[in-house]
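In this note's numbering, the protein residues as written are 767 to 908. First up is the structure itself, then whatever we jot down about it.
See the structure below:
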């Protein structure tokens, strides 16, 4: 049973990475439509938070079912999850209150969206690499 939960956790992380990679195209698809950028950003944020919460829930279920100790690896995952949520909320609030009718503001926010998305993807990839290295025995996070 625990294997199924860990598999679901792993699949959700892959889905999350694919979703974030697809999200990079939002600024390009809405390049000439500031209101569309704001709406797409809202939808992206809601789906981002939903998938991130599913990942956290399956991780917590695996932690509880497996009666695992609170290791450094688990603490890092919790911190990264919190950081991802914080960054995404701040990004959305910035886009929500911005005057996107101003072309310079719109361009600046599109650039920020891309950079922030790249940082978020990097955080998730780094955690995946750390966990793979831990499973292979290259490093110990316990």
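Note that the Cβ used here is the ideal one computed from N, Cα and C, for glycine as well.
Rounded C-alpha distance that separates residue i from residue j
i           : j           : result
residue 815 : residue 786 : 11 Å
residue 898 : residue 883 : 23 Å
residue 822 : residue 865 : 34 Å
residue 872 : residue 800 : 7 Å
residue 867 : residue 775 : 41 Å
residue 904 : residue 836 : 20 Å
residue 900 : residue 906 : 6 Å
8 Å Cβ cutoff met for residue i and residue j
i           : j           : result
residue 811 : residue 778 : no
residue 862 : residue 793 : no
residue 839 : residue 783 : no
residue 856 : residue 879 : no
residue 893 : residue 842 : yes
residue 889 : residue 860 : no
residue 773 : residue 817 : no
Close-in-space but distant-in-sequence residues of the same chain around residue i (CB under 7 Å, 5 per side omitted)
i           : result
residue 771 : 824, 827, 828, 831
residue 945 : What is shown of the chain runs 767 to 908, which leaves residue 945 out entirely.
residue 768 : 828, 831, 832
residue 809 : none
For residue i, the nearest candidate out of the options (CA to CA)
i           : options            : result
residue 891 : 852, 874, 846      : 846
residue 885 : 813, 853, 906, 874 : 853
residue 798 : 870, 808, 813      : 870
residue 819 : 808, 848, 834, 809 : 848
Close-in-space but distant-in-sequence residues of the same chain around residue i (CB under 6 Å, 5 per side omitted)
i           : result
residue 796 : 802, 803, 806
residue 908 : 837
residue 887 : 786
Neighbourhood of residue i by C-beta, 8 Å cutoff - its chain only, sequence neighbours within 5 removed
i           : result
residue 813 : 785
residue 834 : 828, 840
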